[in-house]
Each structure stands twice: as C-alpha cells, then as structure tokens.
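A.B. asks: Structure in structure tokens, see below.
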Amino acid sequence: MLISCKGNLDDVQKMGMSENEPIGVAEKINLVHTDSGKVKAILISPKMLDYSNRDFPFNEFPEGITLDIYDNENKKNIVVSDYAIIYNETKLIDLQGNVKIITSANDTLFAEQLFFDQEKEWLFTNKPVKYKQAEAVTNGIGFDANKDFSLAEVLEVTGYMTLED
Numbered sequence: 001m002l003i004s005c006k007g008n009l010d011d012v013q014k015m016g017m018s019e020n021e022p023i024g025v026a027e028k029i030n031l032v033h034t035d036s037g038k039v040k041a042i043l044i045s046p047k048m049l050d051y052s053n054r055d056f057p058f059n060e061f062p063e064g065i066t067l068d069i070y071d072n073e074n075k076k077n078i079v080v081s082d083y084a085i086i087y088n089e090t091k092l093i094d095l096q097g098n099v100k101i102i103t104s105a106n107d108t109l110f111a112e113q114l115f116f117d118q119e120k121e122w123l124f125t126n127k128p129v130k131y132k133q134a135e136a137v138t139n140g141i142g143f144d145a146n147k148d149f150s151l152a153e154v155l156e157v158t159g160y161m162t163l164e165d
C-alpha cells in the first residue's frame with residue numbers, strides 16, 4: 001500500500017473556510033492613494049470585506065464609505081454612500097443607499113444607486129436622481145457624467161427648478 005501527500009497551498013488555505021465567507025475583514029479603513037507624491041484619493045470606511053477568493057473577486061463596504069478625490073489642481077470631490085462594492089476585474093464601483101457627491105464647484109448629486117467605471121472615469125445610473133447646481137435643481141431618472149462633472153446630464157428630466165441668489 002502506498003500513501004502519497006500532495007502539497008497544495010491553495011487547498012490548505014481553503015480548508016475550514018466557506019466560499020461564501022470573506023477571505024479577510026478590515027476595520028477602520030483609512031486608505032490614501034498617491035501618485036508621484038500627490039494625494040489622489042482618500043477612502044474612509046468602518047469596515048471592508050475582502051472576497052478576492054471568489055471566481056469574480058470584489059471588496060464590499062457594508063457600512064458605507066466616504067471618498068475624497070483630488071484632481072490635478074488639488075480640488076476635492078466628495079463621495080458618500082451607505083454601502084459600496086468594488087468589482088476588481090471590471091473596475092466597476094457600485095454605490096448604494098443615500099449616495100451623495102459634492103463636487104469642487106459645490107454641485108451636488110443625490111441618488112439611491114450610482115456606478116463609477118474606473119477605467120472610463122464615468123459615472124452613471126438609471127435610477128432617480130436630484131442634481132443641484134448653483135443656478136438650478138434638476139430631478140430625473142438616469143444620470144451620466146465624467147469624473148469632473150464637466151459633462152454631466154440628467155437623462156430623463158422629471159422636474160426643474162431655477163434658484164435665485
């Protein structure tokens with residue numbers, strides 16, 4: 001009788017771990033992303049669950065995020081949501097629940113769900129939105145914008161109100 005042992009680190013790591021469980025949990029996240037010595041983004045979250053052990057890996061932020069994004073002129077856009085999930089392979093971020101974006105120009109977008117395509121640097125949703133600018137508030141269904149909101153559009157306008165100084 002012959003007995004053989006096979007050393008497979010992946011199998012050992014998976015022992016005792018359900019595929020539905022995260023491979024890691026991080027609390028009190030304060031992640032600073034820099035490029036060439038300049039701060040590009042700061043991500044703050046109470047909790048992150050790492051599901052990189054899945055066939056379609058992702059990171060989940062079940063208690064929400066606050067994300068400060070800085071442009072080349074150090075102007076800051078702020079993104080807040082109750083929940084977020086980042087799909088690693090597609091570079092798509094799904095923001096859900098009381099999503100709010102405040103731009104450096106003080107425009108504000110409110111939505112229940114918003115997606116951000118990191119590769120195309122494009123924001124979009126097909127859900128109801130409220131977009132407040134200095135001169136007006138626009139309500140509607142659907143929204144598209146580039147990352148700096150220089151090309152921002154409410155797709156199906158359901159209401160429009162002009163603001164006075």
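Counting from 1, one number per residue, gives the positions in the sequence shown under the working numbering.
Positions of the beta carbon are idealized from the N, C-alpha and C atoms, including for glycine.
Keep in mind it's a predicted model, so treat the numbers as computed, not measured.
Could you compute how far the alpha carbon of F143 sits from the alpha carbon of N53?
C.D. replies: 33 Å
A.B. asks: For Q96 and Y87, which I take to be in contact (beta-carbon distance under 8 Å), what is that distance rounded to the nearest angstrom?
C.D. replies: Separation of the CB atoms of Q96 and Y87 is rounded to 13 Å, and the pair is thereby denied contact status at 8 Å.
A.B. asks: Compare the Cα-Cα distances from K47 to each of I93, K127, A26 and report the closest residue.
C.D. replies: A26
A.B. asks: Which residues does DSSP list as the beta-bridge partners of S81?
C.D. replies: As computed with DSSP, S81 is found in a beta bridge with I65.
A.B. asks: Following the continuous beta strand (DSSP E) through S45, name the residue where it begins and the one where it ends.
C.D. replies: Its beta strand (DSSP E) spans residues 38-51.
A.B. asks: If you draw a straight line from the C-alpha of V129 to the C-alpha of V154, how long is it?
C.D. replies: 8 Å
A.B. asks: Secondary structure at Q113, three-state DSSP: helix, strand or coil?
C.D. replies: strand
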